[in-house]
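Asks: For reference, the structure I am asking about is given below.
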Amino acid sequence: MLHDLIVNQPVIETERFDLRPLRPSDAGLIEFFTADQRVASATTSIPHPLPPGTTEAFIARALSKERTEDVWALDGTRSDGPEVMGVIGLERVDLGQCEIGYWVAPAYWNSGVASAAVAALIAANPLECRTIFATVFQDNPVSARVLTKCGFAYLGDAESFSVARGAKVPTWTYSLKMD
Numbered sequence: 001m002l003h004d005l006i007v008n009q010p011v012i013e014t015e016r017f018d019l020r021p022l023r024p025s026d027a028g029l030i031e032f033f034t035a036d037q038r039v040a041s042a043t044t045s046i047p048h049p050l051p052p053g054t055t056e057a058f059i060a061r062a063l064s065k066e067r068t069e070d071v072w073a074l075d076g077t078r079s080d081g082p083e084v085m086g087v088i089g090l091e092r093v094d095l096g097q098c099e100i101g102y103w104v105a106p107a108y109w110n111s112g113v114a115s116a117a118v119a120a121l122i123a124a125n126p127l128e129c130r131t132i133f134a135t136v137f138q139d140n141p142v143s144a145r146v147l148t149k150c151g152f153a154y155l156g157d158a159e160s161f162s163v164a165r166g167a168k169v170p171t172w173t174y175s176l177k178m179d
């Protein structure tokens with residue numbers, strides 16, 4: 001019998017899916033989705049093409065006791081969906097401050113999944129953040145709308161390096177005060 005490592009993260013329920021800690025068995029679906037150039041290019045950290053072992057290393061970091069980011073899978077099995085529809089995480093950046101990041105599989109784009117995941121994570125606030133930050137590439141206005149729909153306020157323009165694009169990309173930065 002296979003046992004998954006138990007991570008000290010809550011399972012967060014939504015109407016359509018659960019946010020649950022990653023497990024090693026998620027590697028296949030995560031690799032399948034993140035190997036898609038459209039997904040990788042919308043993030044700062046996913047390379048394209050996806051080198052062997054990248055997904056397993058990501059999951060190992062997410063399960064580590066020394067992790068700085070808590071990561072959840074968007075698990076759609078409650079509504080007959082796949083075990084991984086996307087991934088969302090909160091990275092600790094300072095005392096009481098976190099940065100949210102997420103990607104959703106292309107089959108679920110424009111379906112409300114990203115907005116529901118962000119809203120659920122904000123409502124649960126499992127890391128007891130006082131402020132949550134987010135950054136999106138300026139050529140991804142859909143992600144910007146997800147953030148503003150969930151109460152984030154625009155802070156300004158910047159740029160971030162995208163591993164998949166191999167270049168700096170203009171970004172919009174947002175914040176949400178949790179007080």
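Heads up, the sequence shown is in full-length UniProt numbering, so the first residue is 1 and it goes up one at a time.
Beta carbons are placed, not taken as given, at the ideal position from N, Cα and C, and that holds for glycine.
Computed from a predicted model, the values in this text were never measured in an experiment.
Excluding sequence positions up to five away, which residues of its chain have a Cβ less than 6 Å from the Cβ of Gln-37?
Replies: Excluding sequence neighbours, Gln-37 sits near His-48.
Asks: Assuming Phe-133 contacts Thr-173 under a Cβ cut-off of 8 Å, what Cβ separation, rounded to an integer in Å, is found between them?
Replies: That pair is a contact at about 7 Å.
Asks: Could you tell me the alpha carbon to alpha carbon distance between Arg-92 and Thr-54, rounded to whole angstroms?
Replies: Approximately 22 Å between the Cα atoms of the pair.
Asks: Along the chain, where does the beta strand (DSSP E) that runs through Lys-149 open and close?
Replies: It is not in any beta strand (DSSP E) - Lys-149 instead sits in the alpha helix (DSSP H) that spans 141-149.
Asks: Could you pull out every residue in the same chain whose Cβ sits closer than 6 Å to the Cβ of Ala-119, ignoring the five residues on either side in sequence?
Replies: Result list for Ala-119: Cys-150, in chain order.
Asks: In angstroms with no decimal places, state the Cα-to-Cα distance between Arg-145 and Ala-153.
Replies: Cα to Cα, the separation comes out at about 11 Å.
Asks: Out of Ala-107, Leu-176, Lys-65, which one is the CA nearest neighbour of Phe-34?
Replies: For clarity, residue 34 is Thr in the given sequence; the question names Phe instead. The option with the nearest alpha carbon to Thr-34 is Ala-107.
Asks: Return the first residue and the last residue of the beta strand (DSSP E) that Val-11 is part of.
Replies: No beta strand (DSSP E) holds Val-11; DSSP gives it neither H nor E.
Asks: So, with DSSP's three-state summary, where would you put Glu-99?
Replies: The answer is strand: DSSP assigns Glu-99 an E or B state.
Asks: Report the rounded CA-to-CA distance for His-3 versus Gly-156, giving the unit in angstroms.
Replies: With a pLDDT of 45 at His-3, under the threshold of 50, the modelled position of that residue is not reliable, and the figure given next carries that caveat. Looking at the two C-alpha atoms, the distance is approximately 45 Å.
Asks: Are there 16 or more other CB atoms within 10 angstroms of the CB of Leu-5, so buried, or fewer, so exposed?
Replies: At Leu-5 the pLDDT is 48, less than 50, meaning the model places this residue with poor confidence; the figure from the coordinates comes in the next sentence. Exposed.
Asks: Measure the C-alpha to C-alpha separation of Leu-19 and Val-163 and round it to an integer number of angstroms.
Replies: Whole-angstrom Cα-Cα distance: 26 Å.
Asks: Buried or exposed for Thr-171, please, with buried defined as at least 16 other CB atoms from any protein chain shown within 10 angstroms of its CB.
Replies: So Thr-171 counts as buried.
Asks: Check this for me: beta carbons of Asp-139 and Val-84, under 8 Å apart or not?
Replies: No; because the gap between Cβ atoms is not below 8 Å, this pair is not in contact.
Asks: By a C-beta neighbour count over all protein chains shown, 10 Å radius and 16 as the cutoff for buried, is Met-1 buried or exposed?
Replies: Since pLDDT at Met-1 reaches only 39, below the 50 mark, its modelled position is unreliable, and no value is offered.
Asks: Tell me the rounded alpha-carbon separation between Glu-15 and Lys-65.
Replies: Whole-angstrom Cα-Cα distance: 30 Å.
Asks: For the beta strand (DSSP E) containing Thr-171, list its first residue and its last residue.
Replies: Segment 167-177, the beta strand (DSSP E) holding Thr-171.
Asks: Looking at the ligand NAP, does it come within less than 7 Å of Phe-33, judged from the CB to the closest heavy atom?
Replies: Of the ligands one can find in the structure shown there are none, so the ligand NAP has no counterpart to examine.
Asks: Taking only the alpha-carbon atoms, compute the straight-line gap between Gly-96 and Arg-130 and give it to the nearest angstrom.
Replies: Going by the C-alpha atoms only, they are around 5 Å apart.
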